[in-house]
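Data block below; observations after.
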Amino acid sequence: MTEERLAVVTGGMGGLGETISTKMADAGYKVVVTYSPSNTKWKQWLEDMRGRGYAFAAFPVDVTDYDDCAAKCERIHKECGPISILVNNAGITRDMTFKKMTKTDWDAVMRTNLDSCFNMTKQVMDGMIERGWGRVINVSSVNGQKGAFGQTNYSAAKAGIHGFTKALALEVAKKGVTVNTISPGYIGTKMVTAIPKEILDSKILPQIPIGRLGKPDEVAGLIIYLCSEEAAFVTGANISINGGQHMY
Ligand code: CAA
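When you number the sequence shown by this note's numbering, it's gap-free, plus one each residue, and the end is 272.
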């Protein structure tokens, strides 16, 4: 049944996004990845993926731009089919202390991490409701749950994502559509390895009881579960996957 289902993964060429895309394809979904229009390496990425046996369709989508999301989702629908699963994964950091943060840094993070959830979900929800089946998975962060030094913008956007999830989950609960948040902790991707090593070693790793960074595969596995039939009763949830870093 899953072979028929089309999943769109925003930021699907990024660190976590790439693993989500490949694992979902391995699980039998037809996967469309979206990438930032500023990404100049998309052709090479697609070629590398083809070499690994993945024939992804890919579209440049500026997730901060509502009209671009509308136009590209219409193209995806026409060229690839109806979208049954949306993984709102695209995200950026602009880490700095509040004292140094400018309005530009604030806006960039809010628009890419939070506005994007509205801009993309708006394009797919009516179709999911009409077909009586859909899955929206919003990728938040442990730092949206607990806050993080140097991340007032990111923590606010990631916390906002779960408010969006809960309200929308209520509205569509009877329509066969689930909406969930996942909150990964520190996963071994470029976003995390970009943190200064001394901060990672002295401030972050000691907070993770499991004693290591998470693996992108582990996050992808959770997303695949949320897409499954067995997860039909899970909606409005915020599922932590953080090695025990934050429990509540
Ligand atoms: N907790 C407590 N104190 C911290 C801290 C932390 N996490 N990070 C830094 N500090 C302290 C430093 O030890 C330092 O203290 P002293 O002045 O007493 O020495 C002070 O804050 C200033 O630190 P920096 O010298 O690093 O200041 P900076 O202005 O150069 O950089 C920063 C600030 C950009 C926030 C930098 O510390 C940093 O990158 N921190 C990591 C932020 C982070 O965790 N980002 C997560 C990215 S991964 C992600 O977001 C994915 C996800 O969803 C989990």
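All residues carry an ideal CB built from backbone N, CA and C; glycine is no exception.
Just measuring C-alpha positions, the residue of Ala256, Thr205, Gln147 and Val196 sitting nearest Ser165 is Thr205.
In chain order, Val166 and Gly209 place their CB closer than 6 angstroms to the CB of Asn266, counting only its own chain and leaving out the 5 sequence neighbours on each side. For Lys47, the closest alpha carbon among the candidates Glu103, Lys65, Ala244 and Ile185 is that of Ala244.
Residue range Trp66 to Gly75 is occupied by the alpha helix (DSSP H) that includes Arg74. Relative to the ligand CAA, the beta carbon of Met120 is positioned inside 7 angstroms of a heavy atom. Annotated three-state conformation of Ala82 is strand, per DSSP. Runs of the alpha helix (DSSP H) spanning 4 or more residues and lying entirely within the segment 175-236 occur at 176-196 and 214-217, in chain order. Put simply, of Thr259, Pro84 and Met134 the residue whose alpha carbon is nearest the alpha carbon of Tyr178 is Met134. At a cut-off of 7 angstroms, the beta-carbon of Ala180 does not count as near the ligand CAA: no heavy atom of the ligand is closer than that. The C-beta distance from Gly105 to Leu30 rounds to 5 angstroms, short enough to meet the 8 angstroms contact threshold. Pairing Val163 with Val57, the inter-Cα distance amounts to about 15 angstroms.
Judged by DSSP secondary structure, Arg159 falls within the beta strand (DSSP E) whose first and last residues are Gly158 to Val163.
Annotation for Asn112: the continuous beta strand (DSSP E) segment containing it runs Ile107 to Asn112. Contact between the segment 39-53 and the segment 231-243 is present: 3 or more CB-CB pairs across the two stretches fall below 8 angstroms. A check of alpha carbon separations from Gly52 across Phe80, Trp66, Val148 and Trp130 identifies Phe80 as the nearest.
Note: Leu30 is bridge-paired with Lys54 and Ile107 in the DSSP secondary-structure output. For Lys124 and Gly212, the gap between their C-alpha atoms comes out near 27 angstroms.
Runs of the alpha helix (DSSP H) spanning 4 or more residues and lying entirely within the segment 121-153 occur at 127-134, in chain order.
Residue burial annotation: Ser252 is exposed, with fewer than 16 other C-beta atoms found within 10 angstroms of its C-beta. Within the same chain, and ignoring the five residues on either side of Tyr90 in sequence, the residues whose Cβ sits closer than 7 angstroms to its Cβ are Asn143.
Excluding the 5 residues flanking it on each side, Pro61 has same chain C-beta neighbours closer than 6 angstroms at Pro84 and Asp86, in chain order. One thing to note: Ile153 has its Cβ within 8 angstroms of the Cβ of Val196. DSSP places Ile247 in no beta strand (DSSP E) but in the uninterrupted alpha helix (DSSP H) bounded by Pro240 to Cys251.
In this structure, Val111 places its C-beta atom within 8 angstroms of the C-beta atom of Ile247.
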